[in-house]
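Enquirer: This is the structure I have questions about; it appears just below.
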Amino acid sequence: MNLEGTTTKLPLREALGTWSPTEDEVGILQMDGEFERERVRRWIELIMKTQAEPLSNEKDQAIGEMDAKDKELLLMLLRNCPELFEPREGCPPMKTLGVSHEIHRGSEAPIKVRPRRYSQAEQAIMDEQVEKVLNDRVIEESCGEWVFPVVLVKKKDGSVRFCIGYRQLNAIAKRDIYPLPRIDDTLDNLHGSRRYTSLDLYAGYWQVPVADKDRDKTGFVARRGSFWFIRMPFGLANAPGTFQRMMNAVLRGLAWRSCLVYLDDVIVFSKGDVAQHVVELAMVLERLNEAGLSLKASKC
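So, in structure tokens, the structure goes:
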């Protein structure tokens with residue numbers, strides 16, 4: 001192979017190289033990701049020789065019962081991925097993973113839905129929520145023709161989730177048939193596994209941008225003005241498919257082999273010892289880190 005980019009003359013009968021037969025399985029190692037695992041194993045051996053600082057929220061991580069040596073191995077891995085776990089103010093940055101949420105529809109005219117009536121206490125909550133997502137660059141002020149009402153949804157912990165009622169928009173949107181994993185298939189895939197780690201993405205939907213051409217269709221009004229979403233909001237019919245597509249791309253080659261992903265929830269599984277499980281976990285964390293995604297430590 002000529003790597004110089006220039007014309008080269010070779011003397012007659014000059015030996016250019018040698019070849020020898022090899023074991024068949026060597027060429028197959030890449031098929032099951034063993035090359036990547038071996039690289040990760042070497043990286044773990046390296047970080048075990050370093051002294052990384054404990055995470056500020058390390059106590060929030062729910063680690064099951066294991067001996068001190070195994071726990072130290074796991075903690076050293078987590079401490080070497082601080083970008084994934086460290087608490088942050090506001091939302092993480094939007095990702096440039098080649099994925100954005102698009103809203104496809106027919107030729108219907110823009111929809112305007114009258115705002116709902118709320119109490120003064122609820123209006124105060126809306127003001128606070130609008131201010132927060134505006135500062136986090138989740139929304140921006142708008143002058144679009146599409147208007148949908150704010151919906152306040154009470155969560156299990158008593159707090160309120162700020163949502164938009166997109167029922168009329170969803171009724172005319174062309175459906176994205178991208179599949180979500182079947183729950184029974186995911187449970188079957190875990191059969192025989194001995195160790196598990198669950199991961200939860202922080203502000204998962206809000207790490208995905210809305211396509212510029214479709215931001216006007218996410219419009220809503222509050223007493224502070226009219227706005228539309230820059231990042232993918234809850235409540236859009238095809239949002240789950242968009243998010244699942246992104247996560248499958250991030251974890252391609254690992255999903256169904258060493259991890260399962262259902263929207264913003266990831267579970268890493270293995271049938272071997274703690275050392276093997278840490279390798280599988282490290283591969284998943286590395287992919288998430290390379291994608292610039294963030295995790296919620298309190299739910300991992």
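Each residue of the sequence shown is one higher than the last, beginning at 1 in UniProt numbering. Don't be surprised by glycine CBs; every beta carbon is placed ideally from N, CA and C.
(1) Less than 7 angstroms between C-beta atoms, sequence neighbours within five positions excluded: which residues of the same chain meet that for H104?
(2) Buried or exposed: where does L260 fall if 16 or more other Cβ atoms within 10 Å of its Cβ makes it buried?
(3) Just to confirm before moving on: does the CB-CB distance between D185 and G241 stay below 8 angstroms?
(4) Does DSSP classify S258 as helix, strand or coil?
(5) On the CB-based measure, 16 or more other CB atoms within 10 Å of its CB, does R252 come out buried or exposed?
(6) Just tell me which of R114, A222, L74, K213 has its CA closest to the CA of R231.
(7) In chain order, what residues of the same chain have a beta carbon less than 7 angstroms from the beta carbon of P110, not counting five sequence neighbours either side?
(8) Tell me whether the beta-carbon of W228 lies closer than 8 angstroms to the beta-carbon of R215.
(9) Taking DSSP as the reference, what is the three-state secondary structure of D136?
(10) Looking only at its chain, what residues have a beta carbon closer than 6 angstroms to the beta carbon of N170, apart from the 5 residues adjacent to it on each side?
(11) Smallest Cα separation from E140: which of G219, V250, N289, D157?
(12) From the DSSP output, which residues share a beta bridge with F85?
(13) By Cβ distance, which residues of its chain are closer than 8 angstroms to N248, with the 5 residues on each side in sequence left out?
(14) Let me know the alpha helix (DSSP H) ranges lying completely inside the region 179-239, each 4 residues or longer, listed in chain order.
(15) State buried or exposed for G5, treating a residue as buried only when at least 16 other CB atoms are found within 10 Å of its CB.
(16) Of the residues R223, S294, A282, S193, which one's Cα is nearest the Cα of G272?
(17) In this structure, how does DSSP classify E14 when only helix, strand and coil are distinguished?
(18) Does the Cβ-Cβ distance between G165 and V151 come in under 8 angstroms?
(19) Taking just the CA atoms, how far does E83 sit from P289?
(20) Let's test the definition: count the other Cβ atoms within 10 Å of the Cβ of H191 and tell me whether it reaches 16, buried, or not, exposed.
Expert: Checking against the coordinates, here is how it stands:
(1) A173, K174
(2) buried
(3) no
(4) coil
(5) exposed
(6) K213
(7) E145, W146
(8) yes
(9) coil
(10) A237
(11) G219
(12) Partner(s): none; F85 has no beta bridge.
(13) A255, V261
(14) 183-189
(15) Low confidence applies to G5: its pLDDT is 49, below 50, so where it sits in the model is not reliable, and the reading given next is rough at best. G5 comes out exposed.
(16) S193
(17) coil
(18) yes
(19) Per the sequence shown, the amino acid found at residue 289 is Asn instead of Pro. For N289 and E83, the distance between alpha carbons rounds to 7 angstroms.
(20) exposed
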